[in-house]
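K.L.:
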Amino acid sequence: MRIIIDKRVRREIFDFYDAAMQLHPSLSWEAVSKKAERLYSELNSLADYYTIYPKARLKKEWVEAGWQEFVCEDFHFAFEVCMDEQGRQFIWIHDAVHSLLYH
Numbered sequence: 233m234r235i236i237i238d239k240r241v242r243r244e245i246f247d248f249y250d251a252a253m254q255l256h257p258s259l260s261w262e263a264v265s266k267k268a269e270r271l272y273s274e275l276n277s278l279a280d281y282y283t284i285y286p287k288a289r290l291k292k293e294w295v296e297a298g299w300q301e302f303v304c305e306d307f308h309f310a311f312e313v314c315m316d317e318q319g320r321q322f323i324w325i326h327d328a329v330h331s332l333l334y335h
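The sequence shown begins at 233 in the numbering used here and counts up by one.
Have a look at this one:
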């Protein structure tokens with residue numbers, strides 16, 4: 233199953249880790265890169281087990297859209313299963329927020 237990661241998600245991840253590196257000088261680019269690689273790897277494997285994740289519960293925008301929620305590496309991701317013109321399912325990951333900012 234194809235996975236589409238919205239630009240908004242990529243921006244949220246980058247912005248969070250950019251701010252983290254500024255606040256914590258001991259946090260290296262190498263460490264951040266490894267964390268980001270693990271995140272994207274887990275997002276790409278979401279196709280194998282997306283059915284086990286519940287509907288979003290806390291972020292109003294996500295709840296109203298009916299998106300499901302996936303948590304990985306302290307990030308919460310909002311996604312939905314969609315259908316393309318050929319009738320094939322794909323997962324669209326719409327948004328992300330770090331646990332420290334999630335409410």
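All C-beta atoms, glycine included, are put in the ideal place defined by N, C-alpha and C.
Here the structure is a predicted model, which means the values were calculated and not measured.
With C-beta atoms as the reference, is Val303 less than 9 Å away from Tyr282?
P.N.:
No, the Cβ-Cβ distance between Val303 and Tyr282 is not below 9 Å.
K.L.:
Give the secondary structure of Asp280 by DSSP, where H, G and I count as helix, E and B as strand, and everything else as coil.
P.N.:
In this structure, Asp280 counts as helix in the three-state DSSP scheme.
K.L.:
Report buried or exposed for Gln300, applying the criterion of at least 16 other Cβ atoms within 10 angstroms of its Cβ.
P.N.:
Buried, because 16 or more other Cβ atoms sit within 10 Å of the Cβ of Gln300.
K.L.:
Thinking Glu305 and Arg270 are a contact (beta carbons under 8 Å), I'd like their distance in whole angstroms, please.
P.N.:
About 6 Å separates the two Cβ atoms, so the contact holds.
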